[in-house]
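Residue numbers (this note's numbering), protein chains in the order written: chain A, 1 to 340; chain B, 1001 to 1340. We put the CB at the ideal spot given by N, CA and C, even for glycine. Comments concern the structure below.
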DNA sequence: ACATCTTGATAAATCGTTTTCTTAAAATAA
DNA sequence: TTATTTTAAGAAAACGATTTATCAAGATGT
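Okay, structure coming up:
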């Protein structure tokens, strides 16, 4: 293996000088600098990261931790991160955050002890608290994206789920809908609670009736939405909601399948609006393109890399927090009741 | 920061003893071992990877390098890798292989110098040769999945594209098709050439006519397949092929869109068979579910992690090579001409 | 009772860098 | 010319682990 020592030897200088050349220090004779550079390129020398990281406690690398990294849901997020990575010339390592506690801890310890010097964590759950606590108390720099905690101390990138949900209801209202039910996913995820709150606020703001019946819990498997949607379609016309708002694509897709299975049509017989709007990623879904609230995941991904870089460079001083707004993505699943 | 030195101090032993306890050496008094362990857990000590990697030139981590990691195509591959990772208790880092040469080299140097000690590379192209050459000559352990080289020296996992393509043609033949054209993708990818060869072999084996017209080049954007399919549908009935075999889903989807755009139907008017069969991942595709050749990507992903681990542990001695067979996935795009 | 062999622990060297401390030489000031 | 400052390079000490060589004490054999 070619080391700094060997390079020094070949160039007839001391290791310190080689190091200075590599790190671009000022005080080195141009002639010697060239000689060293030549030897470096001839030998194909590259400094060992372990040694480097050991002495200056920096690697320059960033770890991105995501639970179920393989899911197509992360397409845009990863794409954004990828583009930022090349733009910022950073080394980014993508890691799958395991559900197994033991595994997860080992992974974190591995990464934080000499591999990377900052982290981005997507969608941390309540159960991830020990990890966050650990990072935080050891002053390891990190950014959370859509986390489950309420702590303004942390660097975080958020999505305005509350306003997003409100806008969904308002959009339905503009299209003449008043009887709108919510298909609500896992309440252990903060994002779902925020969407619930937004829904409730908008409903009262619009002056629509809001009873417990308006909220259908889909807390387990998303296939519950199939049955729940069927139940709704079996209601008498005058009582039946004219629109369903769901907290996720998975739920929306199941709901639509339930509706279609009884011979009803979307949006002719009932409208469906979703949060996420990436239905093309749902396997085997052939129904109408979903209308829904779209999260700017590409931007979020890009910004996360950019922000953590800036934090590391001292250009941003923590705590850093940024909230992204959602947009409405028009598909084919919402009927305008005002027209004919 | 709590180091081995501090732990030693607190436990009233030497650093060497602490090291022995951590690495489970035999010759240490049970009483002292417990004392050290207690201090370790109390202080939350974790050995520094950089230091460790420096001295024993091992990190135990594996890097997975994929071009365009974010693409949903890798869903099953990553899922397999993920499951293997937890099963084998390994640290796996997923990396996006940049198209930019500079970027890519930096990345490789970073990873190979103290971060990971083995690698899995998916779908390396001819242009990646310098990377492979480099790894190979420095004896860095790696496995290639579906690479573009013909070198039995390398550890590799392959998919039997040749037989897969043959089986596709045979399947079409069984369903009464004789006039089968191939929509052939980028010839710079070895997999496509293999599929082409399999197609040709099966065609002659079946005794079907095989003229240059039978092979339609879709070398640029897959949207070329749209026009090509239209051209085929405009042919007179007696000359028109009864089936199209495509080397990828992207091409198949575009071809079907072209067919449908002229008012024809699939598979009533023409059959389509694909290689990959993950059409659900194609954005905005609402056509019939594709019939095609399915690659066992989950298994390949799982095996890759397992194999590189075994290689590192000396359980497998290089060069290691394994070829996976494909299966036929029946969808709705192939019509049986023998029936009615 | 003396020599030999185990055990269990330590001291010190090492891994490949960076950086601080020195020092010799060159440049400037008096 | 001599004294002082600046500059460029080398020597040596970290960084945090592991490991080899070393050594003392206790166990065993004669």
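Whose C-beta lies closer than 6 angstroms to the C-beta of residue 45 of chain A among residues of the same chain, with five residues either side of it excluded?
Working through the first chain from its first residue, we reach residue 45 of chain A at position 45. Excluding sequence neighbours, residue 45 of chain A sits near 2, 7.
Taking beta-carbon pairs under 8 angstroms, can you tell me which members of the segment 1228-1239 of chain B lie near chain A?
Answer set for the segment 1228-1239 of chain B: empty.
Quick one: which chain B residues come within Cβ less than 7 angstroms of residue 154 of chain A?
Numbered from 1 along the first chain, position 154 holds the residue referred to as residue 154 of chain A. What residue 154 of chain A touches in chain B: nothing, since even the nearest Cβ is about 21 angstroms away.
Just checking: is the beta-carbon of residue 177 of chain A within a distance shorter than 7 angstroms of some beta-carbon in chain B?
The residue you call residue 177 of chain A lines up with position 177 of the first chain. Taking Cβ atoms only, chain B never reaches closer than 7 angstroms to residue 177 of chain A, which makes this a no.
Could you tell me which of B:1145, B:1064, B:1154, B:1327 sits nearest to residue 1111 of chain B, measuring between CA atoms?
Taking the first residue of the second chain as 1, we reach residue 1111 of chain B at position 111. That would be B:1064, whose Cα lies nearest to the Cα of residue 1111 of chain B.
Does the CB of residue 1086 of chain B have a neighbour CB from chain A at under 7 angstroms?
Along the second chain, read from residue 1 onward, the residue named residue 1086 of chain B stands at position 86. Closer than 7 angstroms to some Cβ of chain A, the Cβ of residue 1086 of chain B qualifies, so yes.
Report yes if the CB atom of residue 335 of chain A is closer than 7 angstroms to the CB atom of residue 236 of chain A, and no otherwise.
Locating residue 335 of chain A in the first chain gives position 335, counting from the first residue. Locating residue 236 of chain A in the first chain gives position 236, counting from the first residue. Contact flag unset, no.
Looking at the secondary structure, which residues open and close the alpha helix (DSSP H) in which residue 307 of chain A lies?
Locating residue 307 of chain A in the first chain gives position 307, counting from the first residue. Here the alpha helix (DSSP H) through residue 307 of chain A covers 297-312.
In chain A, which residues lie with their C-beta within 7 angstroms of the C-beta of residue 1049 of chain B?
Mapped onto the second chain, residue 1049 of chain B falls at position 49. The contacting residues are 110, 113, 114, 115.
Any contact between the segment 166-175 of chain A and the segment 199-215 of chain A? By contact I mean 3 or more CB pairs, one from each, below 8 angstroms.
They touch, by the three-pair rule.
Would the beta-carbon of residue 1170 of chain B fall within 7 angstroms of that of residue 1241 of chain B?
Reading the second chain from its first residue, position 170 is the one you call residue 1170 of chain B. Reading the second chain from its first residue, position 241 is the one you call residue 1241 of chain B. It is not a contact, given that the beta carbons lie outside the stated cut-off.
Tell me which residues share the same chain as residue 1197 of chain B and place their Cβ nearer than 8 angstroms to its Cβ, disregarding the 5 neighbours each side in the sequence.
Taking the first residue of the second chain as 1, we reach residue 1197 of chain B at position 197. Result list for residue 1197 of chain B: 1162, 1165, in chain order.
Which one or two residues does DSSP pair with residue 1156 of chain B in a beta bridge?
As a working mapping, residue 1156 of chain B is identified with position 156 in the second chain. BP columns for residue 1156 of chain B point to B:1144, B:1321.
Considering only residues of the segment 1043-1098 of chain B, which uninterrupted beta strand (DSSP E) runs meet the minimum length of 3 residues and lie entirely inside it, listed in chain order?
Here the runs fully enclosed are 1061-1066, 1091-1096.
List the residues of chain A that residue 1069 of chain B touches, going by C-beta distances under 8 angstroms, in chain order.
On the second chain, residue 1069 of chain B is found 69 positions in, with the first residue counted as 1. Those are 78, 82, 94, listed as they occur along chain A.
Helix, strand or coil for residue 1037 of chain B? Go by DSSP, reduced to three states.
As a working mapping, residue 1037 of chain B is identified with position 37 in the second chain. Note: residue 1037 of chain B maps to helix in three-state DSSP.
Could you tell me which uninterrupted alpha helix (DSSP H) segments, each at least 4 residues in length, are contained entirely in the segment 1159-1223 of chain B, listed from first to last along the chain?
The qualifying runs are 1161-1174, 1190-1206.
Would you mind telling me which residues of chain B sit closer than 7 angstroms to residue 206 of chain A, beta carbon to beta carbon, in chain order?
Taking the first chain and counting its residues from 1, the one referred to as residue 206 of chain A is at position 206. Simply none; closest approach about 32 angstroms.
Could you check the C-alpha separation between residue 210 of chain A and residue 181 of chain A for me, to the nearest Å?
As a first step, residue 210 of chain A is located in the first chain; it is residue number 210 there, counting from the start. As a first step, residue 181 of chain A is located in the first chain; it is residue number 181 there, counting from the start. Using only the alpha carbons, I get a separation of about 9 angstroms.
Determine the contact status of residue 84 of chain A and residue 256 of chain A, defining contact as a CB-CB distance below 7 angstroms.
Mapped onto the first chain, residue 84 of chain A falls at position 84. Mapped onto the first chain, residue 256 of chain A falls at position 256. Not closer than 7 angstroms, so no.
Compare the Cα-Cα distances from residue 79 of chain A to each of B:1225, B:1311, B:1096, B:1239 and report the closest residue.
The residue given as residue 79 of chain A occupies position 79 in the first chain. It is B:1096.
What I want to know is whether the C-beta of residue 157 of chain A ends up closer than 6 angstroms to one or more non-hydrogen atoms of the ligand HEM.
As presented, the structure is devoid of all ligands, the ligand HEM included, so that no description of it is given.
Quick check: what's the CA-CA separation for residue 1050 of chain B versus residue 20 of chain A?
In the second chain, residue 1050 of chain B corresponds to position 50, counting from 1. In the first chain, residue 20 of chain A corresponds to position 20, counting from 1. Taking the straight line from one Cα to the other gives about 21 angstroms.
Which residue wins for smallest C-alpha separation from residue 1100 of chain B, given the options B:1329, B:1131, B:1061?
Your numbering for residue 1100 of chain B matches position 100 in the second chain. That would be B:1131, whose Cα lies nearest to the Cα of residue 1100 of chain B.
For residue 213 of chain A, does the count of other Cβ atoms within 10 angstroms reach 16, so buried, or fall short, so exposed?
Translated into the one-based positions of the first chain, residue 213 of chain A becomes position 213. When all chains shown are included, residue 213 of chain A counts as exposed.
Just to confirm the assignment, what range does the beta strand (DSSP E) spanning residue 271 of chain A have?
Numbered from 1 along the first chain, position 271 holds the residue referred to as residue 271 of chain A. Looking at the DSSP string, the run of the beta strand (DSSP E) that includes residue 271 of chain A is 271-275.
Let me make sure I understand the geometry here. Which of B:1077, B:1136, B:1314 has the alpha-carbon closest to that of residue 70 of chain A?
Indexing the first chain from 1 puts residue 70 of chain A at position 70. Among B:1077, B:1136, B:1314, the Cα nearest to that of residue 70 of chain A is on B:1077.
State the Cα-Cα distance for the pair residue 1327 of chain B and residue 1159 of chain B, rounded to the nearest angstrom.
Sequence index remark: in the second chain, residue 1327 of chain B carries index 327 (1-based). Sequence index remark: in the second chain, residue 1159 of chain B carries index 159 (1-based). So the alpha carbons of these two residues sit roughly 11 angstroms apart.
Let me know the secondary structure DSSP gives residue 337 of chain A once reduced to three states.
If you number the first chain from 1, residue 337 of chain A lands on position 337. Residue 337 of chain A falls in the coil class under three-state DSSP.
Mark residue 314 of chain A as exposed unless 16 or more other C-beta atoms lie within 10 angstroms of its C-beta, in which case mark it buried.
One-based indexing of the first chain puts residue 314 of chain A at position 314. Exposed is the call here.
Could you name the residues of chain A that residue 1286 of chain B contacts, counting a contact when the two beta carbons are closer than 7 angstroms?
As a first step, residue 1286 of chain B must be located in the second chain, where it is residue number 286. Neighbours of residue 1286 of chain B on chain A, chain order: 286.
For the segment 225-271 of chain A, which segments carrying the alpha helix (DSSP H) assignment without a break, of at least 4 residues, lie completely within its bounds, in sequence order?
The segment 225-271 of chain A contains these whole alpha helix (DSSP H) runs: 249-261.
If you reduce the DSSP assignment to three classes, tell me which class residue 294 of chain A lands in.
Translated into the one-based positions of the first chain, residue 294 of chain A becomes position 294. Here residue 294 of chain A sits in strand by DSSP.
State yes or no: is the beta carbon of residue 1325 of chain B nearer than 7 angstroms to at least one beta carbon in chain A?
For the purposes of this step, residue 1325 of chain B is taken as residue 325 along the second chain, with counting starting at 1. Chain A, which has no Cβ nearer than 7 angstroms to the Cβ of residue 1325 of chain B, makes this no.
Grouping DSSP H, G and I as helix and E and B as strand, with all else coil, what is residue 1285 of chain B?
The count along the second chain starts at 1 and reaches residue 1285 of chain B at position 285. DSSP places residue 1285 of chain B in coil when its eight states are reduced to three.
With burial defined as no fewer than 16 other Cβ atoms inside 10 Å of the residue's Cβ, what is the status of residue 1055 of chain B: buried or exposed?
In the second chain, residue 1055 of chain B corresponds to position 55, counting from 1. Classification for residue 1055 of chain B: exposed.
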